[in-house]
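Undergrad: Residue numbers for the sequence shown follow full-length UniProt numbering, beginning at 1 and rising by one.
Structure below; questions to follow.
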Amino acid sequence: MRPRSLLRVLLTGLPLIVGSGPSAYAQYYGYAPNAPYPQQRRPPPRNAYPPGYYPGKLVQPAPGFSLRRLFGVQEAPPPMTPPVVRPRRAPAPRSTVVRQEKPKADPTTQVIVFGDALAEFAGQGLGELFSDSEDVAVIRKAKADGGLVEMDGADWTKAIDEALGPGKKTNVAVIMLGTQDRQSLKQDAASYEPLTDKWREIYRGRVDAAMRAFNERGLPVVWIGLPPARNAKTSEDFLAMNEIYRESVQRNGGTYVDVWPGFVDEENRYAMTGPDVDGQPAKLRTNDGAFFTKAGSRKIAHFADTEIKRLIESGQPAAIGSAPPADAGTAPDSLEAALPALPDDVAPVSLPTKPLIGPVLPLNQPVVAPGGTLVTGAPKLNGDHAYSLRRALRNGIAPASRPGRADDFRWPPS
């Protein structure tokens, strides 16, 4: 560069350097224009945010000066610090309270519940129903596959023998099943579709076999019918199966309990909610539409409650194993002699014959008192009060006030 050009550059930049120097100097040391004394620098507030942080966002601070970055040399990124993984504390185990049913000391009556998964809910409701009774114990013998399709008559006889052992005080058997019986039924190497004529015949025979197994042991049976299902086709099949249960149970001397009306709406359709045993609205069925909630289980027991208590109070049959053996040599004449004598013939009582048609009374006939005066006639005003009443009620003139009465507005004498 020539000396003249260098001199020209220095002369041009010198005023800028000289003019901006005092201003920068004053800003650094706190001098303000036209101020008599330098101002003190204010300390940063205590609640100032840390560098690089502002409310709502995080700003990366600008990097410092670097010659390598000035000449385009890429710097190696700083090493990544692995995150510190702190082991989590294992949660304390929750104490699970298992409510155990208190066994009853010496119940005089036992109600045994047989069937499939539906019988389990019926047993729960019956257990709550008789929870306050120390004389009645509810025993649940339900199985998930305890239907009549999977179990034939021999299987039912074996299951009953296992449940009704010798010396057990069993008075009533409750049966509820059928939810898994809507399937093909096999017999003699042949398979029959559900609810066909042959299927109904075989299925009815298995219901009869189960009833005979209980009748041979002198045990009364309360058979609870199937409830409605969410699926309309399933509900239709359940209705057909309920007819089989009803006909077979009643023909074999058992008691059939229909629970269908308790789980439908006004249009006889499936209802998930409804009134419970206390009349309050409650959820009766589970979300799958097949089983029952606690309130629904209690409602099933409520339907069978009357029949079970009737059988228990009637005392039939006696406890299994406690009945004395019958004497084979007892003659029929001695049995007839032991029976109480029939009552004597009672003379018929003649009752007065009532006429087919009673007396005809006109609807507009006035009611007359025994003396001949009309009961509905207007009363006559007689005596001293007739004038005052006529004057007040007809003419609208108020009667004279009496001293001291509420309508006496006269001033007392001074």
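Backbone N, C-alpha and C define an ideal beta-carbon position, used for all residues, glycine too.
1. With distances taken Cα to Cα, identify the nearest neighbour of residue 239 among 139, 195, 408.
2. Kindly confirm or deny that the stretch 244-261 and the stretch 304-315 touch, where touching means at least three C-beta pairs closer than 8 angstroms.
3. Going by DSSP in three states, residue 299 sits in which element: helix, strand or coil?
4. Just the Cα atoms here: how many angstroms apart are residue 263 and residue 286?
5. Using DSSP with H/G/I as helix, E/B as strand and the rest coil, what is residue 156?
6. Verify whether the separation of the beta carbon atoms of residue 438 and residue 125 is less than 8 angstroms.
7. Of all the options 204, 12, 122, which has the alpha carbon lying nearest to the alpha carbon of residue 294?
8. What are the boundary residues of the beta strand (DSSP E) that includes residue 138?
9. What first and last residue would you give for the beta strand (DSSP E) that runs through residue 401?
10. In angstroms with no decimal places, state the Cα-to-Cα distance between residue 128 and residue 137.
11. Is it the case that the Cβ atoms of residue 117 and residue 292 are separated by a distance below 8 angstroms?
12. So residue 187 is in the beta strand (DSSP E); what residue range does that whole segment cover?
13. How would you label residue 227, buried or exposed, when you count the other beta carbons within 10 angstroms and need 16 or more for buried?
14. Quick check: the Cα distance between residue 213 and residue 131, rounded to an integer number of angstroms?
15. Closest to residue 142 by C-alpha separation, out of 172, 155, 177, would be which residue?
16. Taking the beta strand (DSSP E) that residue 282 falls in, what are its first and last residues?
17. Suppose you measure from the CA of residue 171 to the CA of residue 313; what does that come to, to the nearest Å?
TA: Straight from the coordinates:
1. The sequence position of residue 239 within the sequence shown is 239, counting from 1. Residue 239 has its Cα closest to that of 195, out of 139, 195, 408.
2. yes
3. Numbered from 1 along the sequence shown, position 299 holds the residue referred to as residue 299. In the structure shown, residue 299 sits in a helix (DSSP, three-state: H, G or I).
4. For the purposes of this step, residue 263 is taken as residue 263 along the sequence shown, with counting starting at 1. For the purposes of this step, residue 286 is taken as residue 286 along the sequence shown, with counting starting at 1. If I take the Cα positions, the gap works out to 12 angstroms.
5. By one-based count along the sequence shown, residue 156 stands at place 156. The answer is helix: DSSP assigns residue 156 an H, G or I state.
6. Within the shown structure, residues of the chain are numbered from 1 to 414, placing residue 438 beyond reach of any answer.
7. Locating residue 294 in the sequence shown gives position 294, where the first residue counts as 1. Minimum Cα distance to residue 294 is reached at 122.
8. One-based indexing of the sequence shown puts residue 138 at position 138. First-last of the beta strand (DSSP E) with residue 138: 136-142.
9. Translated into positions along the sequence shown, residue 401 becomes position 401. Taken as a continuous stretch (DSSP letters only), residue 401 belongs to no beta strand (DSSP E), as it is neither H nor E.
10. On the sequence shown, position 128 is the one that residue 128 refers to. On the sequence shown, position 137 is the one that residue 137 refers to. The alpha-carbon atoms of residue 128 and residue 137 are separated by roughly 10 angstroms.
11. Against the sequence shown, residue 117 aligns to sequence position 117. Against the sequence shown, residue 292 aligns to sequence position 292. The answer is no: Cβ separation not under 8 angstroms.
12. By one-based count along the sequence shown, residue 187 stands at place 187. Per DSSP, residue 187 belongs to the beta strand (DSSP E) from 185-187.
13. On the sequence shown, residue 227 is found 227 positions in, with the first residue counted as 1. Residue 227 should be labelled buried.
14. Here the question's residue 213 lines up with position 213 in the sequence shown. Here the question's residue 131 lines up with position 131 in the sequence shown. Distance between the alpha carbons of residue 213 and residue 131 is about 29 angstroms.
15. As a working mapping, residue 142 is identified with position 142 in the sequence shown. The option with the nearest alpha carbon to residue 142 is 177.
16. As a first step, residue 282 is located in the sequence shown; it is residue number 282 there, counting from the start. 281-283 is the extent of the beta strand (DSSP E) around residue 282.
17. Residue mapping note: residue 171 aligns to position 171 of the sequence shown, counting from 1. Residue mapping note: residue 313 aligns to position 313 of the sequence shown, counting from 1. Cα to Cα, residue 171 sits roughly 10 angstroms from residue 313.
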